[in-house]
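Undergrad:
Residue numbers (my numbering): 58 to 367.
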């Protein structure tokens, strides 16, 4: 809203002259005169009587002044309202997360987030990492959380937290309780897998390949959720490699056993991911800041889980 000419008119009325108004506003006198002439032309009335050498409001000018002051006051209120709405954290917030962040990490974050920002409406959808990235690229969600990072200039990543992968077996498995387990001990044992597109599966492939157990991928069961994998392991169907975030409760309950396998790359990272060209809503911006704030707390929690599983 352009109210410059109204402000100049009010200043001339208050200052009593064009020169004083120009001085107060940091403008030249011709610039002030031009704005007043423009108003008079637009509204078809002489607003200021200049015939006496002084700047006096005409009857039309006095009426105009009342309206001008009211309009400027309303504009100030409007600006305050709009600025308040910009700073207010509110509205819908759509999140897509892969299995582990979605089931075990984001609920911890969102509970505190919702308490802090009660006018927001977070909606969390859980799918595999590849599908999360597809939805972020398509602009279908405000933010994604994944364990599988794909380099793409359209995407912006931020560290959510670390994860530790752990080999698990049925509680009564012969390898349970062994202090050190090598690749030969795992040969011939059926492995249970997550589905294609899962970040956990991608890491598991690399870990087993490094151990020389590429054949473990063939002829084994796979499931679409971490919970199903844990249940299958607990039932004695085989062993698996899953996130400690998910396995901890079952290890502590004695339903599965954590195997002490000598393997590399058992640490990984979860990331939040945004579409670079998509402006952040107030709710999404507040969530990103919350994720950054919570990272140290999540790191401490993971270290606690690691100590219990050792």
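Backbone N, C-alpha and C fix where the C-beta goes; we use that ideal spot for every residue, glycine too. The structure displayed is predicted, hence computed values, not measured ones.
Let's see if you can read the secondary structure: which residues bound the beta strand (DSSP E) around residue 222?
TA: Locating residue 222 in the chain shown gives position 165, where the first residue counts as 1. Counting along the chain, the beta strand (DSSP E) containing residue 222 begins and ends at 212-227.
Undergrad: Out of 67, 264, 151 and 139, which has the shortest C-alpha to C-alpha gap to residue 202?
TA: In the chain shown, the residue the question calls residue 202 occupies position 145. Of the listed residues, the one whose Cα sits closest to residue 202 is 151.
Undergrad: Looking only at its chain, what residues have a beta carbon closer than 8 Å to the beta carbon of residue 237, apart from the 5 residues adjacent to it on each side?
TA: If you number the chain shown from 1, residue 237 lands on position 180. Closer than 8 Å at the Cβ level, and outside the excluded window around residue 237, lie 317 and 319.
Undergrad: To which residues of the same chain is residue 345 closer than 8 Å at the C-beta, ignoring the five residues directly before and after it?
TA: Mapped onto the chain shown, residue 345 falls at position 288. Excluding sequence neighbours, residue 345 sits near 200, 215, 329, 331 and 337.
Undergrad: Starting from residue 201 and walking both ways along the beta strand (DSSP E), at which residues does that stretch end?
TA: As a working note, residue 201 is residue 144 in the chain shown. Per DSSP, residue 201 belongs to the beta strand (DSSP E) from 200-203.
Undergrad: On the DSSP bridge list, what partners appear for residue 114?
TA: In the chain shown, counting from the first residue as 1, residue 114 sits at position 57. The partner list for residue 114 (beta bridge, DSSP) reads 105.
Undergrad: Closest to residue 191 by CA distance: which of 208, 175 and 269 is it?
TA: Reading the chain shown from its first residue, position 134 is the one you call residue 191. Measuring C-alpha to C-alpha distances from residue 191 to each of 208, 175 and 269 identifies 208 as the nearest.
Undergrad: Since residue 301 and residue 220 should fall inside the 8 Å C-beta cutoff, what is the C-beta to C-beta distance between them, to a whole number of angstroms?
TA: In the chain shown, the residue the question calls residue 301 occupies position 244. In the chain shown, the residue the question calls residue 220 occupies position 163. Correct: roughly 7 Å between the Cβ atoms.
Undergrad: Output needed for residue 259: all residues of its chain with C-beta closer than 7 Å, excluding positions within five of it in sequence on either side, in chain order.
TA: To locate residue 259, count along the chain shown from 1; it is residue 202. Around residue 259: 205.
Undergrad: Would you say residue 225 and residue 315 are within 9 Å of each other, going by their C-beta atoms?
TA: Against the chain shown, residue 225 aligns to sequence position 168. Against the chain shown, residue 315 aligns to sequence position 258. A contact, by the Cβ cut-off of 9 Å.
Undergrad: Determine the closest residue to residue 146 out of 365, 361, 340 and 295, with distance taken between C-alpha atoms.
TA: Your numbering for residue 146 matches position 89 in the chain shown. Looking at the Cα atoms, 340 is the closest of the given residues.
Undergrad: Whose C-alpha, out of 157, 98 and 89, is nearest the C-alpha of residue 304?
TA: The residue you call residue 304 lines up with position 247 of the chain shown. Looking at the Cα atoms, 157 is the closest of the given residues.
Undergrad: Return yes when the Cβ of residue 78 is within less than 9 Å of the Cβ of residue 114, no when it is not.
TA: Residue numbering aside, residue 114 sits at position 57 when the chain shown is read from its first letter. Residue numbering aside, residue 78 sits at position 21 when the chain shown is read from its first letter. With respect to residue 78, residue 114 sits apart: the two C-beta atoms are not nearer than 9 Å.
Undergrad: Counting pairs of beta carbons, one from the region 241-251 and one from the region 285-302, are three or more of them closer than 8 Å?
TA: Segments in contact, yes.
Undergrad: Quick check: the Cα distance between residue 218 and residue 347, rounded to an integer number of angstroms?
TA: Position 161 of the chain shown, counting from 1, holds the residue named residue 218. Position 290 of the chain shown, counting from 1, holds the residue named residue 347. Each residue's CA atom was taken as its position, placing residue 218 and residue 347 some 13 Å apart.
Undergrad: Give the range of the beta strand (DSSP E) segment to which residue 299 is assigned.
TA: To locate residue 299, count along the chain shown from 1; it is residue 242. Where residue 299 is concerned, the enclosing beta strand (DSSP E) stretches over 297-300.
Undergrad: Quick test of your reading: residue 243 and residue 222, contact by CB under 8 Å. State the CB separation rounded to the nearest angstrom.
TA: Position 186 of the chain shown, counted from the first residue, corresponds to residue 243. Position 165 of the chain shown, counted from the first residue, corresponds to residue 222. 15 Å between Cβ atoms; not a contact.
Undergrad: With distances taken Cα to Cα, identify the nearest neighbour of residue 148 among 163, 176 and 106.
TA: Taking the chain shown and counting its residues from 1, the one referred to as residue 148 is at position 91. Nearest of 163, 176 and 106 to residue 148, Cα basis: 176.
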